[in-house]
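The structure under discussion appears below in the form of structure tokens.
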Amino acid sequence: MKWDNAKKDFKRYLQLERNLSANSIDAYLNDVQKLEAYCDYRSINLPQVDTKTVQQFLVFINDFNISPFTQARLLSGLKTFFAFLQIEYDWKKNPAELLESPRLSRKIPSVLNIQEIDALIQAIDLSANEGTRNKTILEVLYGCGLRVSELVGLKISNLFLDVEFIKVQGKGNKERLIPIGKQAIKHLKIYLQEVRPLSPIKPGCEDFVFLNRRGASLSRVMVFLIIKDLAKKIGLTKPISPHTFRHSFASHLVEGGADLRAVQDMLGHESITTTEIYTHVDRDYLQSVITHYHPRS
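The sequence shown begins at 1 in UniProt numbering and counts up one residue at a time.
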């Protein structure tokens, strides 16, 4: 059995049986390729890979100061790969099965308060057509809690603005309906009716909501750069990315008393434990509770 054949069949399995997105498939294959490169360096063929080999590989990777989260994801990818080999090639034992992932701490995501969100939106130059588009992007990101991949893949045919819902394609190509607020609807209509018709449209991109100057669908990198430029413009120092708006959406809903199951559905989380991280309470809010209600404050 050779690496190339195993990777080719593994990719087909991820596509057809697991129905994973292209990004997820690339991540799995990158994990396998890292192990392959290590084994080539050590002159170890694929059938010779055992638990000791995987352990030594993880120690080798750790020397590059890779975060525990990345190590855990890497080990998970290898476990999936060898589990596939057990099914497809009658591999006798999964050499990664009994290996434990590094302990991970629950990291509180960085969120924006409403004043910071307003400041970012107000910093947009609306004198250019891109300004109206960019404002709509931020309103939709924050108003619906979308992943950036869901935003750039959003299609006009999946907008149901009359009933205040949109349909997006999330991880694993799973579709879900998300309610959309009146503010985001207002700016979407302005962009679609007044600005987007002025753009050239490349063949195959007619149904995409957000287009770049050349009429192609907007890239994730471009959305990242738009937000980074706005943050720099207002002097915002905290880490920020398109995902920060998703975190802010969820955090503000939970802090406002929204049902956690409803937030889970809107975010497209498979597990409620992923959503529970947003139950953290802002330190300033805690301090205000002490100040206002404790008799000794």
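We put the beta carbon where it would ideally sit given N, CA and C, even for glycine.
Using the beta-carbon count (16 or more within 10 Å), is Thr237 buried or exposed? Against the sequence shown, residue 237 aligns to sequence position 237. Thr237 counts as exposed, since fewer than 16 other C-beta atoms from the protein chains shown sit within 10 angstroms of its C-beta.
For Phe210, which residues does DSSP report across the bridge? To locate residue 210, count along the sequence shown from 1; it is residue 210. Looking at the DSSP assignment, Phe210 forms no beta bridge with any residue, so it has no partner.
Please classify Met1 as buried or exposed, where buried requires at least 16 neighbouring CB atoms within 10 angstroms. Indexing the sequence shown from 1 puts residue 1 at position 1. Taking every protein chain shown into account, the CB of Met1 has fewer than 16 other CB atoms within 10 angstroms, so this residue is exposed.
Thinking just about the alpha-carbon of each residue, which of Gly143, Arg213, Ile117, Ser24 is nearest to the one in Ala128? Counting from one through the sequence shown, the residue named residue 128 turns up at place 128. Considering only alpha carbons, the answer is Arg213.
Host alpha helix (DSSP H) of Gly228 (start-end): Walking along the sequence shown from the start, residue 228 turns up at place 228. The sequence shown places Lys at residue 228, rather than the Gly named in the question. Per DSSP, the unbroken alpha helix (DSSP H) holding Lys228 starts and ends at 220 to 234.
Residues in its own chain within less than 7 Å of His187 by CB, not counting five upstream and five downstream? In the sequence shown, the residue the question calls residue 187 occupies position 187. Taken in chain order, the residues that qualify are Lys135, Thr136, Glu139.
Minimum C-alpha distance to Ala6 - residue among Ile61, Gln55, Thr274, Thr80: Within the sequence shown, residue 6 is the residue found at index 6, counting from 1. It is Thr80 whose Cα lies nearest to the Cα of Ala6.
Quick check for students: name the residue ranges of the alpha helix (DSSP H) that lie wholly in the stretch 42 to 113, counting only runs of 4 or more. Counting whole runs of 4 or more residues, the stretch 42 to 113 contains the alpha helix (DSSP H) stretches 51 to 62, 68 to 89.
Which listed residue (Glu97, Phe165, Leu16) has its alpha carbon closest to that of Val49: Counting from 1 along the sequence shown, the entry for residue 49 is found at position 49. For the residues Glu97, Phe165, Leu16, the minimum Cα distance to Val49 belongs to Glu97.
If you check the beta carbons only, do Ser217 and Phe208 fall under 8 Å apart? On the sequence shown, position 217 is the one that residue 217 refers to. On the sequence shown, position 208 is the one that residue 208 refers to. A Cβ-Cβ contact shorter than 8 Å links Ser217 with Phe208.
For Pro203, does the count of other Cβ atoms within 10 angstroms reach 16, so buried, or fall short, so exposed? Translated into the one-based positions of the sequence shown, residue 203 becomes position 203. Sixteen is the threshold: since fewer than 16 other Cβ atoms of the shown chains lie within 10 Å of the Cβ of Pro203, the residue is exposed.
Applying the 10 Å Cβ sphere with the 16-neighbour rule, what's the burial state of Arg18? If you number the sequence shown from 1, residue 18 lands on position 18. In the assembly as shown, Arg18 is an exposed residue. Its beta-carbon has fewer than 16 other beta-carbons within 10 Å.
Take Arg73 as the anchor and find which of Ile124, Val111, Tyr89, Asp26 has the nearest alpha-carbon. Stepping through the sequence shown from its first residue, residue 73 is reached at position 73. Here the closest residue by C-alpha is Asp26.
Measure the C-alpha to C-alpha separation of Ile226 and Ala258 and round it to an integer number of angstroms. Sequence index remark: in the sequence shown, residue 226 carries index 226 (1-based). Sequence index remark: in the sequence shown, residue 258 carries index 258 (1-based). Cα to Cα, the separation comes out at about 30 Å.
Who are the near neighbours of Leu159 in its chain, counting only those whose CB is closer than 6 Å to its CB and skipping five residues on each side? Against the sequence shown, residue 159 aligns to sequence position 159. Excluding the 5 residues flanking it on each side, Leu159 has same chain C-beta neighbours closer than 6 Å at Ile166, in chain order.
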